[in-house]
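K.L.:
Numbering (this note's numbering), first residue to last: 93 to 547. Just so it is clear, CB atoms sit at the ideal spot from N, CA and C, and this is done for glycine as well. Here it is: the structure, laid out below.
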Ligand SMILES: Cc1cc2nc3c(=O)[nH]c(=O)nc-3n(C[C@H](O)[C@H](O)[C@H](O)COP(=O)(O)OP(=O)(O)OC[C@H]3O[C@@H](n4cnc5c(N)ncnc54)[C@H](O)[C@@H]3O)c2cc1C
């Protein structure tokens, strides 16, 4: 190669950093820019993972090592689609890897879903974790009973945040604005509701156990929900994690309540069919389900026609994140992902390959898997990218110098935040946290973030 291969990675979450790590591990003559819309890197590690799960967030130390490599630059506070378009990317780079995650949410598609007090877990998580646009998303938590729809790890996170006392949360990096609202929370009952049975729940054992360890809340499970049909029994027999989870749930069902401040109820085999209320949420109607295995082996929840009305003042929908279409980039609207063949972007699902475009992480495969899942996923994408460029002679091009894009953005008036500048903000937040024995105090205002980063 007569010059370095120039690669833009759009999105500085786990997938973006694993893609960058893959490139510098396998190519010497490469120059990578990680372009991030927010002034901060790490995506959902900062804005998704629960504040009381600090250990997992330490994965960012690995990403710091990638960012320290001279072949990698972070260009944060640069939004693809607003500050930079595809034509400009094509001018400055040989290849682009989209790692923009899945920032939207799926809806339930039921009556009353848009009533005041019915919100998505995606928004609630963004609020307590300090995504700048969500600072004022909630200004009062006067609900006494909350229905959390979904039994995945995000639903469990949300239940914990609602159930824990402010004293417990005050030792984490939850945002100050959320602590202020949560300290006056009136929440008493939290119902976590799953469409299918306990053998099909999506949470992990560790997260389920944390619900049983809450200092501030008793846990309730109805033994009747734990009676398994034949297909579910087979799953439980064959899958150790599920059999452990069932034992755990059985123990919860046997517990005597200790009169704690809050109550967490786990309900299975129930689908929301309507959210009721005149101008705000007053109740949720649940249809009792039974399970029916399909020929493919998937076990479906089928309504029985029996309904229950649960009086609640708030509904938190946690039924999955969803990718967002990027301007001029193909999108599979049904799946909420960029259509791809092992990371090579396609014009449409099963269509032709779009030369020079790649994808990794949640926008490649949908919102599933833990942080580490994105590593193996990015490795496949980068292997294909490297293969595609292995026989291409890169002719000299002044637009493909790393300085050219920085100058271009500067001329446009974009305030690019570099990795070194982000570290200033990082150190500032950690120093503020130290004063209160917390991991950090997050800055939530974008202008303030940039000011500190540029100081
Ligand atoms: C609430 C929640 C809790 C979780 N908890 C855990 C946990 O405890 N443990 C665990 O292992 N995993 C957890 N996960 C999963 C983990 O966060 C994901 O697997 C991982 O973050 C996905 O990585 P990603 O890079 O694909 O997407 P993201 O982390 O979402 O990163 C995408 C990045 O792209 C940026 N971006 C988007 N659009 C643009 C654009 N147009 N221009 C520039 N940049 C853009 C975003 O700002 C973001 O920084 C959790 C997920 C959620 C939602």
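Let me confirm a value: residue 241 is counted as buried when at least 16 other C-beta atoms fall within 10 Å, else exposed. Which label applies?
P.N.:
Locating residue 241 in the chain shown gives position 149, counting from the first residue. Answer is buried; the Cβ neighbour count reaches 16.
K.L.:
I think residue 267 touches residue 530, with their Cβ atoms under 8 angstroms apart; what is that distance to the nearest whole Å?
P.N.:
As a working mapping, residue 267 is identified with position 175 in the chain shown. As a working mapping, residue 530 is identified with position 438 in the chain shown. The Cβ separation is near 11 angstroms, so there is no contact.
K.L.:
Below 8 angstroms on the Cβ atoms is my contact criterion, and I expect residue 214 with residue 102 to pass it. Report the Cβ-Cβ distance as a whole number of Å.
P.N.:
Reading the chain shown from its first residue, position 122 is the one you call residue 214. Reading the chain shown from its first residue, position 10 is the one you call residue 102. Contact doesn't hold; Cβ gap of about 20 angstroms is too wide.
K.L.:
Quick check: does the Cβ of residue 451 come within less than 7 angstroms of any heavy atom belonging to ligand 1?
P.N.:
Mapped onto the chain shown, residue 451 falls at position 359. The answer is no for residue 451.
K.L.:
According to the Cβ coordinates, are residue 273 and residue 227 closer than 8 angstroms?
P.N.:
Within the chain shown, residue 273 is the residue found at index 181, counting from 1. Within the chain shown, residue 227 is the residue found at index 135, counting from 1. No, Cβ-Cβ distance for residue 273 and residue 227 is not below 8 angstroms.
K.L.:
Taking a contact to mean a Cβ-Cβ separation below 8 angstroms, would you say residue 253 touches residue 353 in this structure?
P.N.:
Stepping through the chain shown from its first residue, residue 253 is reached at position 161. Stepping through the chain shown from its first residue, residue 353 is reached at position 261. No, Cβ-Cβ distance for residue 253 and residue 353 is not below 8 angstroms.
K.L.:
Anyone know if the C-beta pair for residue 327 and residue 336 falls short of 8 angstroms?
P.N.:
The count along the chain shown starts at 1 and reaches residue 327 at position 235. The count along the chain shown starts at 1 and reaches residue 336 at position 244. Going by C-beta atoms, residue 327 is not nearer than 8 angstroms to residue 336.
K.L.:
In terms of residues, what are the limits of the alpha helix (DSSP H) holding residue 533?
P.N.:
Against the chain shown, residue 533 aligns to sequence position 441. Premise fails: residue 533 is in no alpha helix (DSSP H) and is neither H nor E.
K.L.:
Could you give the uninterrupted runs of the alpha helix (DSSP H) lying entirely in the stretch 430-466, keeping only those of 4 residues or more?
P.N.:
You should have 454-457.
K.L.:
Does ligand 1 have even one heavy atom less than 7 angstroms from the beta-carbon of residue 106?
P.N.:
By one-based count along the chain shown, residue 106 stands at place 14. Yes, since a heavy atom of ligand 1 falls inside the 7 angstroms radius drawn around the Cβ of residue 106.
K.L.:
Starting from residue 188, follow its DSSP beta bridges and name the residues at the other end.
P.N.:
By 1-based counting over the chain shown, the position of residue 188 is 96. Its beta-bridge partners are 100 and 449.
K.L.:
With DSSP run on the structure shown, which of helix, strand or coil describes residue 491?
P.N.:
By one-based count along the chain shown, residue 491 stands at place 399. If DSSP states are grouped into helix, strand and coil, residue 491 belongs with the helices.
K.L.:
In whole angstroms, give me the CA-to-CA distance for residue 440 and residue 472.
P.N.:
Your numbering for residue 440 matches position 348 in the chain shown. Your numbering for residue 472 matches position 380 in the chain shown. Using only the alpha carbons, I get a separation of about 20 angstroms.
K.L.:
In its own chain, which residues sit with a C-beta less than 6 angstroms from the C-beta of residue 576, not counting the 5 before and 5 after it?
P.N.:
Residue 576 falls outside the range modelled here, since the chain spans only 93 to 547, and no answer is possible.
K.L.:
Looking at ligand 1, does it come within less than 7 angstroms of residue 478, judged from the CB to the closest heavy atom?
P.N.:
Counting from one through the chain shown, the residue named residue 478 turns up at place 386. Residue 478 Cβ: outside cutoff for every heavy atom of ligand 1.
K.L.:
Residues in the same chain with beta-carbon distance under 8 angstroms from residue 510, minus the five sequence neighbours each way, listed in chain order, please.
P.N.:
Sequence index remark: in the chain shown, residue 510 carries index 418 (1-based). Only 165, 166, 167 and 168 meet the Cβ criterion.
K.L.:
Can you give me the C-alpha to C-alpha distance between residue 203 and residue 290, rounded to a whole angstrom?
P.N.:
Within the chain shown, numbered from 1, the residue matching residue 203 stands at position 111. Within the chain shown, numbered from 1, the residue matching residue 290 stands at position 198. If I take the Cα positions, the gap works out to 26 angstroms.
K.L.:
Between residue 375 and residue 403, which are expected to be in contact by the criterion C-beta below 8 angstroms, what is the C-beta distance as a whole number of angstroms?
P.N.:
Here the question's residue 375 lines up with position 283 in the chain shown. Here the question's residue 403 lines up with position 311 in the chain shown. The pair is a contact, with the Cβ atoms about 5 angstroms apart (cut-off 8 angstroms).
K.L.:
Under the rule that 16 or more other beta-carbon atoms within 10 Å means buried, what is residue 158, buried or exposed?
P.N.:
By one-based count along the chain shown, residue 158 stands at place 66. Buried, because 16 or more other Cβ atoms sit within 10 Å of the Cβ of residue 158.
K.L.:
Cα-Cα, which of 97, 507, 117 and 381 is closest to residue 470?
P.N.:
As a position in the chain shown, residue 470 is number 378, starting the count at 1. Minimum Cα distance to residue 470 is reached at 117.
K.L.:
Could you compute how far the alpha carbon of residue 259 sits from the alpha carbon of residue 271?
P.N.:
Locating residue 259 in the chain shown gives position 167, where the first residue counts as 1. Locating residue 271 in the chain shown gives position 179, where the first residue counts as 1. The alpha-carbon atoms of residue 259 and residue 271 are separated by roughly 9 angstroms.
K.L.:
Among residues of its own chain, excluding the 5 on either side of residue 494, which ones have a beta-carbon nearer than 8 angstroms to its beta-carbon?
P.N.:
Within the chain shown, residue 494 is the residue found at index 402, counting from 1. These residues qualify, in order along the chain: 98, 123, 125 and 165.
K.L.:
How many whole angstroms separate the CB atoms of residue 301 and residue 350, which I take to be in contact at a CB cut-off of 8 angstroms?
P.N.:
Residue 301 sits at position 209 when you count from the first residue of the chain shown. Residue 350 sits at position 258 when you count from the first residue of the chain shown. That pair is no contact at about 17 angstroms.
K.L.:
I think residue 413 touches residue 435, with their Cβ atoms under 8 angstroms apart; what is that distance to the nearest whole Å?
P.N.:
Position 321 of the chain shown, counted from the first residue, corresponds to residue 413. Position 343 of the chain shown, counted from the first residue, corresponds to residue 435. Incorrect: roughly 20 angstroms between the Cβ atoms, too far for contact.
K.L.:
Just verifying my parser: in three-state terms, what is the DSSP assignment at residue 293?
P.N.:
As a first step, residue 293 is located in the chain shown; it is residue number 201 there, counting from the start. In this structure, residue 293 counts as coil in the three-state DSSP scheme.
K.L.:
Flag residue 145 as yes when its Cβ comes closer than 7 angstroms to any non-hydrogen atom of ligand 1, and as no otherwise.
P.N.:
Position 53 of the chain shown holds residue 145. Under cutoff, so the answer is yes.
K.L.:
With a CB to CB cut of under 6 angstroms and the five nearest residues on each side skipped, what residues in its chain are close to residue 108?
P.N.:
What you label residue 108 is simply residue 16 of the chain shown in a count that begins at 1. Only 101, 126 and 191 meet the Cβ criterion.
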